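Each remark here refers to the structure printed beneath this line.
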Amino acid sequence: MTMHFNNGVSNATLQNFVPVDSMDADCVDQLSSGLEVEVVCQGQAIFKAGENDGLTVYLLSGVVALSDIYGDTTLVEAGSLDSWHPLDHYQPRKSTALAVTDVRLIRFDQYKLDTLLTWDQTLGYKLLDIASLDSAGEDGAWMIQLLKSPLFFYLPPANIINIFGRLESISVSKGDNVVEQGEEGDAWYYIREGEARVYETDELGEHWVATLKAGSCFGEEALLSHSVRNATVRMTCDGLLMRLDQEDFVDLLQQRLVEELSWSEVGDCDEPFYWIDARTEDEFGRNALQGAMNLPLKILRLKSRFLDNRKRYCVYCDTGKRSSVAGYLLRQLGFKVIVLAGGLNSLPRDPSDVMARSAADLHG
Numbered sequence: 248m249t250m251h252f253n254n255g256v257s258n259a260t261l262q263n264f265v266p267v268d269s270m271d272a273d274c275v276d277q278l279s280s281g282l283e284v285e286v287v288c289q290g291q292a293i294f295k296a297g298e299n300d301g302l303t304v305y306l307l308s309g310v311v312a313l314s315d316i317y318g319d320t321t322l323v324e325a326g327s328l329d330s331w332h333p334l335d336h337y338q339p340r341k342s343t344a345l346a347v348t349d350v351r352l353i354r355f356d357q358y359k360l361d362t363l364l365t366w367d368q369t370l371g372y373k374l375l376d377i378a379s380l381d382s383a384g385e386d387g388a389w390m391i392q393l394l395k396s397p398l399f400f401y402l403p404p405a406n407i408i409n410i411f412g413r414l415e416s417i418s419v420s421k422g423d424n425v426v427e428q429g430e431e432g433d434a435w436y437y438i439r440e441g442e443a444r445v446y447e448t449d450e451l452g453e454h455w456v457a458t459l460k461a462g463s464c465f466g467e468e469a470l471l472s473h474s475v476r477n478a479t480v481r482m483t484c485d486g487l488l489m490r491l492d493q494e495d496f497v498d499l500l501q502q503r504l505v506e507e508l509s510w511s512e513v514g515d516c517d518e519p520f521y522w523i524d525a526r527t528e529d530e531f532g533r534n535a536l537q538g539a540m541n542l543p544l545k546i547l548r549l550k551s552r553f554l555d556n557r558k559r560y561c562v563y564c565d566t567g568k569r570s571s572v573a574g575y576l577l578r579q580l581g582f583k584v585i586v587l588a589g590g591l592n593s594l595p596r597d598p599s600d601v602m603a604r605s606a607a608d609l610h611g
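Sequential numbering from 248 applies to the sequence shown in the numbering used here.
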């Protein structure tokens, strides 16, 4: 029997797990939203070898047995070092997980977790740029707030870096209607300075329904669904807005900025390359391709000085999200880079064909 409980898990507990421990509080809040604790009774299967469930599973209490296709079994006990890592994070699963005792666990959607990780680490990279602006006397706080808008989770990770180049600064005056109910939506807005009120109109007239302060954004529905405006937004004082046109958003949504190759295509490359692992240090220490160099996305700029721009590099992570950002950033820094499409999850299931093969082995 499997039971689900809504009693949740504290953020402090979640931040014991790898790689959740590398994320800031805002991202952990989003990750934990709607999270349920699951109880699996002794003897029940948590997942089976060969399944592709798209979930990342962490153990909260109890003991789990992981048995691979070769018959080897590993016991994982809650509170041990192994338990802070996902239970067999590969997709499809390389092992069957059985509850040796009654266990409590949590399951995250792998896509959501990796998107938040990518977002968090890309933001960390961007913070270095923003810090340099602050040191030059420019205010970077609004940039940090803007980057946390849920709208940008829809963008390919590498394109997050290019958001600021597409924003238009607009001065507005008290009483200006920035958008009007019923008009076709063609832009998204961020209030950098000032305040606005939201009004809805029905057969009884106009009604004030909300107030938007500096740091608020509005208009995302227009970009995502091509819908008409469902409310009017009117400035209550003079202010400064940042505007992103629908055309620019769609361009960022579709633009591909780095070359991606599958595992077999990488193996067929004539030019030698060197592996770069864009995951956190703890993830890298747990399982990495032989010979790989660890350049976590968040500190990539700092560690890139150890690279040689005469060499070619292949960047990977678990799913390809973080590596696509890292690959783009390294290209911007002048390095020759490709990205492993789909990350480690895309590799062949036979360990002898994957983890033991280094770039040197592949290319002599």
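Beta carbons are placed, not taken as given, at the ideal position from N, Cα and C, and that holds for glycine.
As the structure is a prediction and not an experimental result, all values here were calculated from the model.
query = Among the residues of its own chain, which have a CB less than 7 Å from the CB of THR483, if the five just before and after it don't count?
reply = The answer, listed in chain order, is LYS421, GLU442, ALA443 and ARG444.
query = Taking the alpha-carbon positions, what's the SER571 to MET540 distance?
reply = In this model, SER571 and MET540 are separated by some 16 Å (Cα to Cα).
query = Hey, TRP522 and TYR575 are a contact pair by Cβ (cut 8 Å); roughly how many whole angstroms apart?
reply = Taking 8 Å as the upper bound for CB-CB distance, TRP522 and TYR575 are not in contact here, some 17 Å apart.
inquiry  = I believe ALA292 touches LEU345 by the beta-carbon criterion, under 8 Å. Please report the beta-carbon distance rounded to the nearest angstrom.
reply    = ALA292 to LEU345, Cβ: 6 Å. Contact.
ask   = Measuring CB to CB, does CYS561 end up less than 7 Å from VAL513?
value = CYS561 is a Cβ neighbour of VAL513, given a cutoff of 7 Å.
ask   = Are the beta-carbon atoms belonging to LEU487 and ARG439 less than 7 Å from one another?
value = In contact: LEU487 and ARG439 (Cβ atoms closer than 7 Å).
inquiry  = For a quick check, are the C-beta atoms of LEU554 and PHE520 less than 7 Å apart?
reply    = No, the pair does not count as a contact, with Cβ atoms beyond the cut-off.
query = How many angstroms separate the CA atom of VAL426 from the CA atom of ARG481?
reply = If I take the Cα positions, the gap works out to 8 Å.
query = Is any heavy atom in the ligand ZN found nearer than 6 Å to the beta carbon of GLU324?
reply = Among the components of this structure there are no ligands whatsoever, and the ligand ZN is therefore not found.
key: Residue environment, GLY326, which counts as buried when at least 16 other CB atoms sit within 10 Å   = Around the beta-carbon of GLY326, fewer than 16 other beta-carbon atoms lie within 10 Å, marking it exposed.
query = Considering only residues of the same chain and omitting the five flanking positions on each side of ASP613, which have a CB-CB separation below 6 Å?
reply = Outside the shown range of the chain (248 to 611) lies residue 613, about which nothing can therefore be said.
key: 6 Å CB neighbourhood of GLU468 in its chain, flanking five on each side removed   = When the five nearest sequence neighbours on each side are left out, the beta carbons in the same chain lying within less than 6 Å of the beta carbon of GLU468 are those of SER474, in order along the chain.
task = Output yes or no for whether 7 Å exceeds the beta carbon distance between THR527 and PRO339.
result = Taking 7 Å as the Cβ cut-off, THR527 and PRO339 do not qualify as a contacting pair.
task = Can you tell me which of the three DSSP states ILE407 falls into?
result = Per DSSP, reduced to three states, the secondary structure at ILE407 is helical.
Beta-bridge partners of ILE585, as assigned by DSSP = Beta-bridge pairing by DSSP links ILE585 to CYS561.
task = Have a look at the DSSP bridge pairing and note the partners of THR343.
result = Beta-bridge partners of THR343 (DSSP): SER314.
inquiry  = Let me confirm a value: GLU530 is counted as buried when at least 16 other C-beta atoms fall within 10 Å, else exposed. Which label applies?
reply    = For GLU530, the number of other beta carbons within 10 angstroms of its own is at least 16, and it is reported as buried.
task = Please report how far the alpha carbon of SER257 lies from the alpha carbon of CYS274, in whole angstroms.
result = Between SER257 and CYS274, the C-alpha separation is close to 14 Å.
query = Any idea what DSSP makes of GLY590, helix, strand or coil?
reply = GLY590 falls in the helix class under three-state DSSP.
ask   = Ordered along the chain, which non-local residues of its own chain (more than five positions away) have a Cβ less than 6 Å from that of ARG246?
value = Since the first and last residues shown for the chain are 248 and 611, residue 246 lies out of range.
task = Would you grab the beta carbon distance between VAL287 and VAL350 for me? Rounded to a whole angstrom, and I think it's under 8 Å.
result = 5 Å between Cβ atoms; contact.
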